[in-house]
Amino acid sequence: STKALILVGGSQRGTRFRPLSLDLPKPLFEVAGHPIIWHCLTALTKIDVKEVFLIGYYDESVFRDFIRDASKEFPQFVIKYLREYQPLGTAGGLYHFRDVIQKGSPKRFFVLNADVCCSFPLKEMLQLSDDREAEAVILGTRVSNEAASNFGCIVSDPGKRVLHYVEKPESHISNLINCGVYLFDSSIIFKIRKAMEVKAKRIASDPLYDPTEEGSSDDVLRLEQDILGPLADEKNFYVYETRDFWRQIKTAGSAVPANALYLQKAYQSGSEDLPAASATIIPPVYIHPTASVDPTAKLGPNVSIGPRAVVGPGARVKESIVLEDAEIKHDACVLYSIVGWGARIGAWARVEGTPISVTQHTTTVLKNGVKVQSVTILAKDCVVHDEIRVQNCVCLPYKELKKDVANEVIM
Ligand code: GDD
Ligand code: GTP
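Spelled out as structure tokens, the structure:
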């Protein structure tokens, strides 16, 4: 069997997920009714995995409840949190915890970035790895040329062999990008050890070495630059290109497309959790069993309603996430937005974002020549008064909106 490692990062990270990460670590944010990392675990149930390690530098207590619940829901896994004493980079943790990873001598292991949303074609990656006896298989997807340089870029030959890998290149080299999902042969641990030694030597011989500079500490190692780049020169590195959906969950606004994609996937697979189409439900929609939605409210497509949330008569909610204990009063309209925990939206109010093109991999739009958030975000306990209109705004926790606002960050 295989092991799986999920890189969850830590509390100093996820800053672009603010203001939603102020109240909850990003990996636990719920899209389509479940924490982001729950979707990773679900994907892992489709293959033979017995152990899953979450690797990060959040406090020990952060994932305790999640792991307890997930261990019941996914009895086929042992799930453990491995805490880094400081951010070690995307490969530093793999090195630090190498004994745990190598215990029982697994032939290979998966590494997943926690902050991606996709269909996780893990079986296909295993198959490719078998066919080519690969040392590493990376999941790739095509994006627009403009978007590509925000990601790791892959140049491959027709036989799927990776010839060249460059992390966030300055100039265009390829529109096949790194999805943040890898399958490694155990031998990669030796490569990581080598890279560590190379780095230590470089530090020892560098008179200008500054350990306080970000990422320069001697136990930090970056999977992308320090391992994948060199690996591409060795001819045993392959890419599986997915044509299914893939999105990064970086900014808070990117939770909206992730929610939509996971809801569509659940609906297509006939999930019994999701209500059928009706006069007032345009699937896919997720409604938590404890939420209260008035039968005259119209929901969907791509809407999640969280625990104990209340949606009043005549309200309209579309392409949005409504979190725990939020309230949407009668005849209010919520489009392309995230309504935070305990937020309240008044009667006849309009809270709106702008649709984003799926291929652009961005969550900002240009309005009158200025970059603004495409998704409107009301953080925890915000209040929008009756008949107020909020457009393309990010509203920090506990704010009260008494007049119309557009294209602003409300602090
Ligand atoms: N444990 C741990 N320790 N996790 C970390 C650390 C660390 O020090 N630093 C980052 N991570 C986790 C993040 O939580 C995230 O899940 C993942 O590693 C990658 O995060 P970043 O290092 O911020 O990279 P990125 O998201 O900008 O880009 C990466 O992902 C893209 C796909 O989403 C790269 O791998 C790109 O090449 C790739 O295209
Ligand atoms: P579909 O076109 O089938 O999605 O139905 P729809 O016409 O209700 O939704 P549309 O896609 O046009 O987007 C939502 C729209 O609902 C907004 O543009 C508003 O014009 C309208 N709307 C605004 N306030 C309310 C309200 O209180 N209740 C309802 N039902 N709709 C509202």
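Okay, so the sequence shown: first residue is 2 according to the UniProt record's numbering, each after it adds one.
Using N, Cα and C, we set each Cβ at its ideal position, and we do this for glycine too.
Proximity below 9 Å, CB of residue i to CB of residue j
i    : j    : result
L8   : V112 : yes
W342 : D24  : yes
V286 : L275 : yes
L6   : L95  : yes
G313 : E325 : no
K192 : P231 : yes
S130 : S187 : no
K200 : D227 : yes
A149 : S175 : yes
D245 : C154 : no
P122 : Y241 : yes
P26  : V63  : yes
V182 : V117 : yes
M412 : L397 : yes
G301 : I378 : no
R194 : R99  : yes
A196 : A92  : yes
T142 : W39  : no
Any non-hydrogen atom of ligand 1 closer than 8 Å to residue i Cβ
i    : result
K169 : yes
P88  : yes
L275 : no
Y58  : yes
G94  : yes
V240 : no
C41  : no
Q392 : no
K251 : yes
A344 : no
I178 : yes
G10  : yes
L402 : no
T243 : no
G341 : no
V117 : yes
T364 : no
T46  : no
L224 : yes
N114 : yes
Alpha-carbon spacing of residue i relative to residue j, whole angstroms
i    : j    : result
K372 : Q77  : 46 Å
V79  : F185 : 20 Å
K330 : G347 : 5 Å
A115 : V366 : 26 Å
V406 : Y58  : 38 Å
A333 : G315 : 7 Å
E31  : N260 : 8 Å
Q269 : P284 : 10 Å
V304 : A327 : 14 Å
R162 : A267 : 32 Å
F238 : I288 : 43 Å
V395 : L21  : 10 Å
V352 : Y263 : 23 Å
L83  : L55  : 6 Å
T243 : K404 : 46 Å
G74  : K319 : Here the sequence assigns Glu to residue 74, which means Gly is not the residue at that position. Computed Cα separation, rounded: 30 Å.
T297 : S321 : 18 Å
D234 : R345 : 55 Å
V323 : S272 : 20 Å
Contact with chain D by residue i, beta-carbon distance below 9 Å
i    : result
I174 : Reference to chain D is not applicable here, since this structure consists of a single protein chain.
Inset, instruction - Let me know the beta strand (DSSP E) ranges lying completely inside the region 306-336, each 3 residues or longer, listed in chain order. - result: 317-319, 321-323 and 334-336
Legend entry - Inside the region 60-130 only - alpha helix (DSSP H) runs reaching at least 4 residues: 65-74, 90-97 and 99-103
Inset, instruction - Any chance you could list the beta strand (DSSP E) runs of at least 3 consecutive residues sitting entirely within the region 156-209, in chain order? - result: 163-168 and 177-186
Inset, instruction - For the region 217-267, list the beta strand (DSSP E) runs that are entirely contained and at least 3 residues long, ordered along the chain. - result: 238-242 and 247-249
Inset, instruction - Could you name each continuous beta strand (DSSP E) segment of 3 residues or more that falls completely within the region 365-398, going from the start of the chain to the end? - result: 365-368, 371-374, 377-379 and 390-392
Inset, instruction - Please go through the region 264-293 and give each complete alpha helix (DSSP H) segment of 4 or more residues, from N-terminal end onward. - result: Complete alpha helix (DSSP H) runs here, min 4: none at all.
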